[in-house]
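> Numbering (the working numbering), first residue to last: 52 to 555.
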RNA sequence: GGCGUGUUGGUCAAUCGGUUAAGACGCCUCCCUUUCACGGAGGAAUGACGGGUUCGAUUCCCGUACAUGCUACCA
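(1) Measure the alpha-carbon distance for residue 523 versus residue 113 and round it to whole angstroms.
(2) Take the Cβ of residue 93 as the centre, count every other Cβ of all protein chains shown within 10 Å, and call the residue buried at 16 or more, exposed below.
(3) Going by DSSP in three states, residue 437 sits in which element: helix, strand or coil?
(4) Do residue 224 and residue 73 come within 8 Å of each other at the CB atom, strictly closer than that value?
(5) Which of helix, strand or coil does DSSP assign to residue 85?
(6) Short of 7 Å in beta carbon distance, which residues of its chain neighbour residue 434, apart from the five on each side in sequence? Order them along the chain.
(7) For the candidate residues 89, 163, 83, 253, whose alpha-carbon lies nearest to that of residue 129?
(8) Along the chain, which unbroken stretches of the beta strand (DSSP E) at least 3 residues long are found entirely within the stretch 192 to 239?
(9) Going by DSSP in three states, residue 251 sits in which element: helix, strand or coil?
(10) In whole angstroms, what separates the C-alpha of residue 397 from that of residue 341?
(11) Mind pulling the beta strand (DSSP E) runs of 3 or more residues that sit fully within the stretch 266 to 340?
(12) Look at residue 241 and residue 186 and say whether their C-beta atoms are less than 8 Å apart.
(13) Distance, Cα to Cα, residue 410 vs residue 404?
(14) When the distance is taken between beta carbons, is residue 68 closer than 8 Å to residue 375?
(15) Just to confirm my understanding: we take residue 415, look at its own chain, exclude 5 residues before and 5 after, and list those with CB closer than 7 Å. What are they?
(16) Any chance you could list the alpha helix (DSSP H) runs of at least 4 consecutive residues sitting entirely within the stretch 335 to 399, in chain order?
(17) Among the residues of its own chain, which have a CB less than 7 Å from the CB of residue 457, if the five just before and after it don't count?
(18) Have a look at residue 315 and residue 192 and give me their C-alpha separation to the nearest angstrom.
(19) Hey, residue 476 and residue 525: beta-carbon distance below 8 Å or not?
(20) On the DSSP letters alone, give me the boundaries of the beta strand (DSSP E) that residue 155 sits inside.
(21) Return the CA-CA distance between residue 55 and residue 83, expressed in angstroms with no decimal places.
(22) What distance in whole Å lies between the Cβ atoms of residue 243 and residue 211, which are believed to be in contact at a cut-off of 8 Å?
(23) Going by the DSSP bridge assignment, what does residue 58 pair with across the sheet?
(24) Taking the beta carbon of residue 196 as the centre, do at least 16 other beta carbons fall within 10 Å, making it buried, or is it exposed?
(25) Which residue or residues does DSSP assign as beta-bridge partners of residue 121?
(26) Report, in whole angstroms, the separation of the C-beta atoms of residue 124 and residue 333, which I expect to be a contact under 8 Å.
(27) Can you name the start and end residues of the alpha helix (DSSP H) that residue 516 belongs to?
(28) From 507, 126, 501, pick the residue whose C-alpha is nearest to that of residue 534; which is it?
(29) Could you pull the start and end residues of the alpha helix (DSSP H) that residue 243 belongs to?
(30) Go ahead and pull the three-state DSSP assignment for residue 126.
(31) Give the secondary structure of residue 133 by DSSP, where H, G and I count as helix, E and B as strand, and everything else as coil.
(32) When the Cα of residue 136 is compared with those of 165, 76, 251, which residue comes out closest?
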């Protein structure tokens with residue numbers, strides 16, 4: 052049987068780190084097994100619909116290089132891929148369950164349910180949920196006569212269809228990561244399968260669609276584990292047990308400080324992105340930073356995510372996507388959640404920058420440089436990138452570390468020059484600047500040789516003028532070797548900067 | 001509260017009964033660099049607790065603690 056996996060997000064906002072990792076694991080598994088990777092949009096909750104979220108999710112996948120084989124826009128043999136467009140398909144299965152005595156109609160209003168919960172919460176040992184004991188006192192097709200039920204439906208009374216959980220049955224499933232996990236059916240409530248608006252809930256939709264789309268392996272977050280018994284039962288009740296996918300519940304990604312699931316809020320609070328790309332909330336216009344805009348390379352981002360909860364056992368940390376495809380194994384995924392470490396994430400990006408050729412890097416860095424209003428010549432940019440990549444961790448660093456190559460910098464550390472300034476230095480720099488203008492060849496070596504000559508002539512220590520020289524050219528105490536900088540910005544500009552600095 | 005899941009340094013983590021308990025990030029020291037990084041060499045730092053099983057437990061089992069997830073007509 053052909054391997055088929057799916058990523059099934061709900062289009063309600065930005066795409067979280069954990070979501071991308073789920074996509075990644077799906078993708079790797081599909082590729083490694085010659086299978087299909089499906090993107091299915093789980094938009095059954097119309098009240099949570101967010102405009103643009105679906106497109107945004109697809110854009111994120113494209114940026115990461117994790118494109119689905121089948122999706123709402125790409126199509127495929129199992130169209131449609133949006134659950135809202137599949138609405139009409141679910142009722143029959145819900146009815147089939149009712150007919151088989153595995154589900155029932157429930158007419159309770161939200162207020163009535165809330166009332167029931169309130170009463171049961173008073174009793175410490177009660178479950179306060181719609182289950183095998185409480186369903187006997189609620190308004191549903193189990194407590195009403197068949198005629199009453201039919202009448203209510205005929206009258207257009209809103210109803211939902213709930214699964215009828217069996218009593219005292221142990222439901223066991225084998226998780227690819229956790230092994231056998233079992234639950235007591237009595238402790239699971241009668242989940243709503245079909246909502247009053249005719250839409251299925253996630254529970255029905257995920258089973259029906261996974262069956263219809265012939266999904267063979269289902270990866271999802273650990274937060275779904277408690278409802279897994281409902282899904283297992285549904286596969287059984289619908290008569291599809293043989294076709295049930297193999298489950299894998301992925302560990303959670305935790306916040307760096309304290310504990311708990313990593314949320315968008317933690318990113319804002321601690322100053323790092325949580326979403327793959329910038330997300331603008333269409334209602335509030337609030338922008339949440341993304342890894343892309345913060346200057347991560349997609350390959351580094353993906354590599355980092357792969358290592359968050361998985362390793363190949365050898366200690367290797369840098370993997371190309373192709374390598375991941377061949378080496379990834381779901382069995383080696385960790386059971387426990389991992390705290391997200393932004394410092395480590397940055398390290399990955401630094402590694403990728405070092406391993407990327409200068410021309411490619413120049414293209415990646417360009418938008419972050421142009422964001423500052425300059426548009427350097429491609430050849431120059433490539434040289435600059437090569438000179439400063441060592442000290443760049445994120446793409447915007449190419450501007451921070453290299454802006455002085457593109458425009459005369461503002462001197463921000465003037466004190467370094469002025470504090471110990473004297474006649475001797477004045478003479479040295481004036482003389483050297485003039486000498487530079489007559490230099491036969493403009494190489495870093497020649498520039499330095501000239502510098503050394505003048506240092507000797509002036510009778511001062513090289514160390515006394517090196518740093519001031521750097522400040523004149525760069526503006527601050529950073530950057531690559533001074534003579535390499537002079538070489539690249541050219542004779543005229545070098546002389547201009549030195550004279551400009553002396554003059555002021 | 002109930003149920004599920006998890007627990008090796010600050011963080012990510014290797015180990016599939018016997019090791020001086022890898023490696024990486026971060027941190028500290030030194031070297032390199034007349035800037036800052038990069039790089040190099042060192043260093044500090046780990047099996048939650050209590051019982052078993054075993055010749056021997058980080059590893060297997062049971063408790064406890066702690067953490068976390070879920071307990072919606074949300075996914």
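Backbone N, C-alpha and C fix where the C-beta goes; we use that ideal spot for every residue, glycine too. Since the model is a prediction, treat every value here as computed from it, not as a measurement.
Concretely, from the data shown:
(1) 44 Å
(2) buried
(3) Assigned with DSSP and collapsed to three states, residue 437 falls in helix.
(4) Between residue 73 and residue 224, the CB-CB gap reaches or exceeds 8 Å.
(5) coil
(6) Closer than 7 Å at the Cβ level, and outside the excluded window around residue 434, lie 539.
(7) It is 89 whose Cα lies nearest to the Cα of residue 129.
(8) 211 to 214, 221 to 226, 230 to 235
(9) strand
(10) Rounded to whole angstroms, the gap between the alpha carbons of residue 397 and residue 341 is 14 Å.
(11) Runs of the beta strand (DSSP E) inside the stretch 266 to 340: 268 to 272, 297 to 301.
(12) yes
(13) 12 Å
(14) no
(15) 348, 446
(16) 342 to 345, 349 to 358, 372 to 378
(17) 425, 427
(18) 43 Å
(19) no
(20) 154 to 157
(21) Straight-line Cα distance between these residues: approximately 11 Å.
(22) 5 Å
(23) 90
(24) exposed
(25) 89
(26) 20 Å between Cβ atoms; not a contact.
(27) 513 to 525
(28) When each option's Cα is compared against that of residue 534, the closest is 501.
(29) Segment 243 to 245 is the beta strand (DSSP E) holding residue 243; no alpha helix (DSSP H) there.
(30) strand
(31) Strand.
(32) Of 165, 76, 251, the smallest CA-CA separation from residue 136 is found for 251.
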